[in-house]
Structure formats: structure tokens, C-alpha cells
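Under the numbering used here, the sequence shown has 242 at position 241, and the numbering climbs by one with no breaks.
The structure appears below as C-alpha cells.
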Amino acid sequence: MQPIVVGTPDHNADATAHCALTSIWDNAIIISVKENVSFILGAYFVLGIGVLLADDADWVRRLEVKERESLAAMNLLADPKGEIRVRVLDPENGNGFDVSLSGAGTRCRFFPADYFPEDLRKRVSALPCAQVGGGLRWFVLKRTSDAWVGYVDERPVLKMPECWSGGMEIWHAAGNAPDADKIDDYTQKLGSFKFEDNFLVPAGSEFPPTWEVISGIWKLHSVTGSVSGSSGGYQLARQPKPEKSPNFYTLEGGGTNGAVLAGEPFYSRYVYRAAVQHNSGTNGLVFLAGEYGGYLAFTTRTDPSAGRLTLDFWRKPRQADEPVEILDTVETELPAGQWLLLEVQLHDDRVICRADNIEVIRRKMLLPPGGRFGLFSNMPAGESTRFDDVLAETHCDRPFDAPEDVAFATRRQSPGMTALLREGTTWLYSPPVDALTNIWEYGSPLDGALRQESLFVASSDDFICGLTAAEGTSSENRFRFTCRQHAGAREYRLEHVTPTNSTLLDTHTAAFSSNRVTLALDALRPNELRCYAEGRMVCFHRPSAAVRAGGVQGVVAAADGDMFFTAPEVLSRDIVLSERFEKNPLYVNDPYMRHWASPEGQWVTFKDGMTWFKGDITGPVKVRLPVVNGMELHLCVPEDASNGMCRVSVAGDVISVFTPDSGDEPAFTVPSAEVPEIAVGKEKARLFTLGMEGLVVWLGGDETLLARAHLSAPLRGRKMRIAGMTVGNLSRTLVKRDNVFDTLFTESLYNWTINGGR
């Protein structure tokens, strides 16, 4: 039986994939797709010819990798031609693959040949090593549940889907063994991490030990160093105390090419962001900083002619005497002298750069297996800049920029489903079927909660389409959100599906719309499944705390004719702007500051006795309320009225919710005894939450859903009023609004200080 070989040829080549489809697009246009997939990292193919790797080497067992998500590294002695041979073995079943690595090419031999499916072998990509001679070189295998990537000297040379989930052994040819006194290797378990630093430290603290100064001048900046004298005609009797606010300290950087680092060298697939107050020089983020020097950077500088900010993405080589390499540059209209939020998002093979949450650079490139993150400052002599609000955390976002991204991420798909590229957007084609049998599943079983969104376009007015999210690590049990359009009506359904049963969790019916629909299934918020159609929530469910909606995702489709859908936009972070709340309890409990920082400070009682919410309701809102008989809450109050379109009242220990569709009768009622008691300080109280978003109004607790109602149209009116509540009762309320850009306080809290804040 012949083994299967995949890999790179000794010269550049193109793999051409032909896909011809004829169907209806945008109601009128006939299309034919013919895509060229370049031979680069991320283009997946099988080389059907080539010299088979001989299995005649003496193999040496080097590393045991037990964890499913790990980094395994070892140094190897390349032969005079620069060749390294590695074997990766499944010790439980005896299957695996051999890899030959050299400047001439990278070749992979699977064994036994009939063990690994052809679909997996087709998704292997390879690149040659750097052209060097013999000597010690580092081989690294980054193993995750959705991709295995091999590196030589931090350069990727091989990428493939996960071949098995159990234990792994890494062997190498005996001729590649280093001398006994030079052997070095290690394994590192990978997992999610979160690093956050807003420099809220006690007064007089030293430089944070979590940061390592590499070069330049770095120190904590305290606002107390510059607050003195008088302000606004008031004499400051004392200085503000730094521990009162997270904004009293920032990190200050200066000097020539200054860099400070945090994190671990094996961190990868992370999002890293920080606020930068840029005035002059060059300032920003560094990331993927290796143990032996070198890093990538995303920085800002002021254009001397225009006076506006220019954003640069660049690489600093390991060698200190080599110049930096500018990879991309973006000019902006932003002026200098303000705070700018810079962010980078790292994948295995691409970098995404954002400024103030706006994507400005997306670049596919060869990246090392991991690296630390930090800050960069290159300032004129005697000047410095400030950094704050540092956050770095792993992510599970999945970009589908090209059909090869779809091919690599695919775990299961129905026959005839094909990926294609049209005008920069990746689409998938779903052939005609009679029932809901066309399915495409993708992703990793270990992914956390995700939000996925797709646009579906059918060639007929009757169709079924939807999105799925696994319940935990198995896609056999999953949540499924579908849209069925038939006979002039639409029905949205959220179901829990198992191999033997389907349970309806929520449903909503709407009028016929068109032959296209945008659907989103969002599990990002704990204990919430939110389903959207055309940007409005139409179905809602709260799974129990023990149920995790994550892991493998999917798309389902069925129609008498052709159907297309965009490759999903997959996010692992909630990017919706929401109201922020002060995290420092000294604010919340201060007699003066509590008017801004505590729950009762969200309400204002006017001379006519009416109590109104301070802000406007411009989008989704949640209102936490105590069970108080006689209480009444009016939501979505029009500008010229005092009563809301939606109303919540408590009478006789029964909570009633009224909507425009329900009229004078409640849409639903909930006995207050069903609201669980929770500890509030030294007391216990029954607190419930009313949520309103899109076409759904719901009532529940922190983890429970007690009742819900659907609306025929979104509610209008931006004001909210409450009655029947004392100040003590109001202190147990809390209003959380989405679509609110909230900046809290600035650095110097003069008003708090001069008005008696302690």
C-alpha cells in the first residue's frame, strides 16, 4: 500500500480550482465562477506526484505531547543540505505522518495511506524552510483543536487540520539529533488568557512587576504631580488621592525606541489593545515579540506636512543593526494631542489592525508561533507620552477572506456545496434539495461562545435557511435558528436539536419580505441566545448556566432552487457599545459621587413628583428592578407624553407586562414568588430584569427566563419613567443600555475634589 505525500514542489506553482455554477444572483444576474487559488500558506491542495519519503530512517522519540492544545519545541541538527526529518505519531493507533523539511521544499507523508481521509489531506499546505546550510535549528509544532502548524526557526512551513485529538509523540531522524550537551526542548500547554492593566494601583507603588522594560524610559505617571493651586475660583485644600480613580495613573514612555513588554512568548491568537495619548514622536503597540529579539508593531506618528496622524504597521528584525521594515501605512484625518485606541488582532496567518475600533489594515502574512506584547515609544529628548487601558486576551474569531479559508475550516458539508469569491466577498453555494439536509459545519469543538452572521440569497421566494451552534464540544447536540419563508409568510424558529429530538425554544412569525435575509445567532453574553433577522432580535432564549452554546458552528439551507450565503462573520467578542459603570467602590459609596456612580443616580425626580431616567433609550435596554407592590415602569415614552408604549407594574405580588400588541391586557404575568431571592448587602431581595430588544420583550433573573412576548413592530419613544419607588428602592435598580458611547470620567476629577469628595 502506497503512502500519501503532500507538499511543496521545488519551484513555484499555482493550483487552479475551477467551479462553474449557473444560478440566480441578485434576482437577475447569471454568474459563472472560475477562481485561481495561489500556492501560498492557506492554499490547500494535494501534490499527486513526487518522490515518496522513504521510511528507512532510524527514528528517535523526542517529545510526548498529551494536551490537545499545546506548543512543542525542540532543537534539531540539520544535515549539510539543511534537511530535517520529523515524525508525528498517534501512539494509540499507530498512525501519523513524516515531514521532510529543507530549503528545496516541505513534504509530508501520511501513514497508513488509507487511515486519513482524502478531505483532510487536501487541506494541507506547505512552504519550504529558509535557505540555510546545516547546524542547529528550532522545530516547533503548535497544536490546536482546529489547526496544526509547524515552524522552523519561527517561520511556518506546514499547516493542516487536526488529525486526531488524543496523545501525540514527536520523533526525528537519528541524523538530526543534536550533541548531548546541546539538546533543548519543551512542551507548553496552551489555553485562553486575559491580561488587563488600567494601572489602578495604591499610592506610592513602584513600577508594575508584570511589565519588563526592554529599552527607553518608562514610569508610572500620577496626576497628583500636576494638580495644585486653584481651579475655577475654588482653592484646593488638598490633593486628590490616586487610589480613588483608575485614571489617576497612566504608564509614561519616552526615550529612543523605547519598548516595554508583558505576557508570555507562547501567547498567540490574541487581541491586544491600549489607549495612546499621542502628541509627538512615534507611539503604539508591539506584539509577537520573540525570546531572541524582534517584534511586530502598530504605531502612530504625526505627519509633519499635514499635521494629521499616520498609522504604520512594521517589523523590527531580530538583528539590532537591521532597519525596520514598513509593511503598511494608513493616513488619517485625526489630529495629534488626543487619546487614540489602537488594537491588533492576531490569527495564525494574518494581522488585523484597528484604530478607535475601525479596521484600517488587514494583512495575510507569515507569523511566528507566538510572542509577547507591549508598548513602544520613540520621543524627542525630554518628552514622553502616556498609555492606559491595556487589554490582551485570546479570541476565537474566524476570518473567511477567501475560499481557501472556508476549505480549511470545514469539518462537514453536504455534497455539492462550494465556496467562491465574488467582488471581495466569500460566498458558499447550496444546491437544490427538498428538505433541510444541506449543512456546512466549521470551526473548533473547543471554541467558546461565538456570534455568527450570514446573508442568504435564494433563487425562489420559498426557502429555509439558518445557523447552528453546538452545545459544548459535540455538534450532535446543537441550537438551530432558522427562517422559513413559505406561502407569503416568514417563521423564525429557535430549536434545540439532538440526534433523536427537536425542542422548540422560541418562535416568531412575520410577513413575507423578499428572497434574501440576513440572520445572526449570538451566544456571546452569558446565559443568553439572541437570534436576529435583518438586525432585529426575533427570538430569545436563556440556556442554563451548565449549557454552553459554542464549539462547532454551522449553516443549514434548503430550497427548490439554488441558494447562496456569505461565509459567516464570526466574532468571539461583543463589540456592541454599552453603558459603562464605575468599578471603583469608593466612587459608588461617596456621598457626592454617588449621584453619578450609583444606581439611584440614574434617576431624577422633578418638582411635579415624576421620576425620569436621565438618558435616552436609543436601543436595547435591560432594567433591573426590585419587586415592590405599587411600582410602575413606563418604557419608550414619546416626547409629548408621560406614559410609555410598554409598561411594567407590580400589584398583589404579581408582575404584569403590557405591550402595544397586548393592549389593556397584559402580554404576560409572572408571580413574584417565581423571582428568586438574592443577597443585597446584609438583606435579601427579589430582583428581576426586564429586557427589551428588537421584537422581543422578556422578563427573568440573572440566569433564568420567566416569560417573554413578541412585538409586531419595534417600540418607539426614547424616554423612561418610574413611579411608586423610594430612594432605597431605586438604589436596587440598574439600567443597562446598548448603543451608548460612554467615557466616564477624565483624568483630573476637580469637581469631585472641590465639592467634598474624599
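Just so you know, even glycine gets a beta-carbon here, dropped at the ideal spot from N, CA and C.
Between the beta-carbon of residue i and the beta-carbon of residue j, is there less than 8 Å?
| i | j | result |
| --- | --- | --- |
| Asp350 | Leu368 | yes |
| Phe299 | Thr251 | no |
| Leu712 | Val698 | yes |
| Asn439 | Ala558 | yes |
| Asp329 | Arg364 | yes |
| Thr510 | Arg491 | yes |
| Ala276 | Phe457 | no |
| Lys143 | Ser306 | no |
| Val571 | Arg399 | yes |
| Arg86 | Ile171 | no |
| Val651 | Val658 | no |
| Leu297 | Arg316 | yes |
| Lys720 | Asp591 | no |
| Gln414 | Trp340 | no |
| Val141 | Ala79 | no |
| Glu84 | Ser71 | no |
| Gly308 | Ala290 | no |
| Glu253 | Trp212 | no |
| Asp357 | Ser461 | no |
| Glu633 | Gly725 | yes |
When DSSP labels each residue in this structure, what does residue i get in the three-state scheme?
| i | result |
| --- | --- |
| Ser101 | strand |
| Glu68 | coil |
| Ala674 | helix |
| Asp739 | strand |
| Lys683 | coil |
| Asn730 | helix |
| Leu760 | In this structure the chain extends from 2 to 759, so residue 760 is not present and cannot be described. |
| Gly551 | strand |
| Gln603 | helix |
| Asp182 | helix |
| Arg526 | coil |
| Val628 | coil |
| Phe117 | coil |
| Ser460 | coil |
| Glu694 | strand |
| Gly616 | coil |
| Asn76 | strand |
| Phe541 | strand |
| Asn516 | coil |
If you count every other CB in all the chains shown that lies within 10 Å of the CB of residue i, and 16 or more means buried, which is it?
| i | result |
| --- | --- |
| Gly282 | buried |
| Val553 | buried |
| Leu731 | buried |
| Gly167 | exposed |
| Ile327 | exposed |
| Gln132 | exposed |
| Val325 | exposed |
| Val158 | buried |
| Thr257 | exposed |
| Val624 | buried |
| Lys160 | buried |
| Asp489 | Here the sequence assigns Gly to residue 489, which means Asp is not the residue at that position. By the 10 Å Cβ count, Gly489 comes out exposed. |
| Ser378 | buried |
What does a CB cutoff of less than 6 Å around residue i pick up in its chain, not counting 5 residues either side in sequence?
| i | result |
| --- | --- |
| Thr619 | Asn740 |
| Glu704 | Asn528 and Ala546 |
| Lys685 | Glu678 |
| Glu332 | Thr311 |
| Pro661 | Met646 |
Excluding five sequence neighbours on each side, which residues of the same chain lie with their C-beta closer than 7 Å to the C-beta of residue i?
| i | result |
| --- | --- |
| Thr504 | Glu496 and His497 |
| Thr426 | Thr567 |
| Thr469 | Arg479, Phe480, Arg481, Gln554, Gly555 and Val557 |
| Gly264 | Phe196, Arg373, Phe374 and Ala393 |
| Asp27 | Only weak support exists for where Asp27 lies, its pLDDT of 33 falling under 50; the value from the coordinates is given anyway. Excluding positions up to five away in sequence, the list is empty. |
| Ala696 | Per the sequence shown, residue 696 should be read as Leu rather than Ala. The residues are His509, Arg537, Met538, Val539, His711, Leu712 and Pro715. |
| Gly702 | Val676, Pro677, Phe689 and Thr690 |
| Ser227 | At Ser227, the pLDDT of 37 sits below 50, so the modelled position is not reliable and the matter cannot be decided from this model. |
Sorted by chain position, which residues of the same chain lie with C-beta nearer than 8 Å to residue i's C-beta, five sequence neighbours on each side aside?
| i | result |
| --- | --- |
| Ala408 | Tyr45, Lys123, Arg124 and Ala420 |
Any C-beta of chain C sitting closer than 8 Å to the C-beta of residue i?
| i | result |
| --- | --- |
| Ser514 | Of the protein chains in this structure there is only one, and it is not chain C. |
Looking at residue i and the ligand NAP, is the gap between the Cβ and the nearest heavy atom below 7 Å?
| i | result |
| --- | --- |
| Pro305 | This structure lacks the ligand NAP; in fact it carries no ligand of any kind. |
3 or more residues per run - each beta strand (DSSP E) lying fully within the stretch 247-286: 250-263 and 271-279
Write down every uninterrupted run of the beta strand (DSSP E) in the stretch 277-341 whose length is 3 residues or greater and which is fully enclosed by it, in chain order. 283-290, 296-303, 309-317 and 326-336
What are the start and end residues of each continuous beta strand (DSSP E) run of 3 or more residues lying completely inside the stretch 467-491, in chain order? Fully enclosed beta strand (DSSP E) runs of 3 or longer: 475-487.
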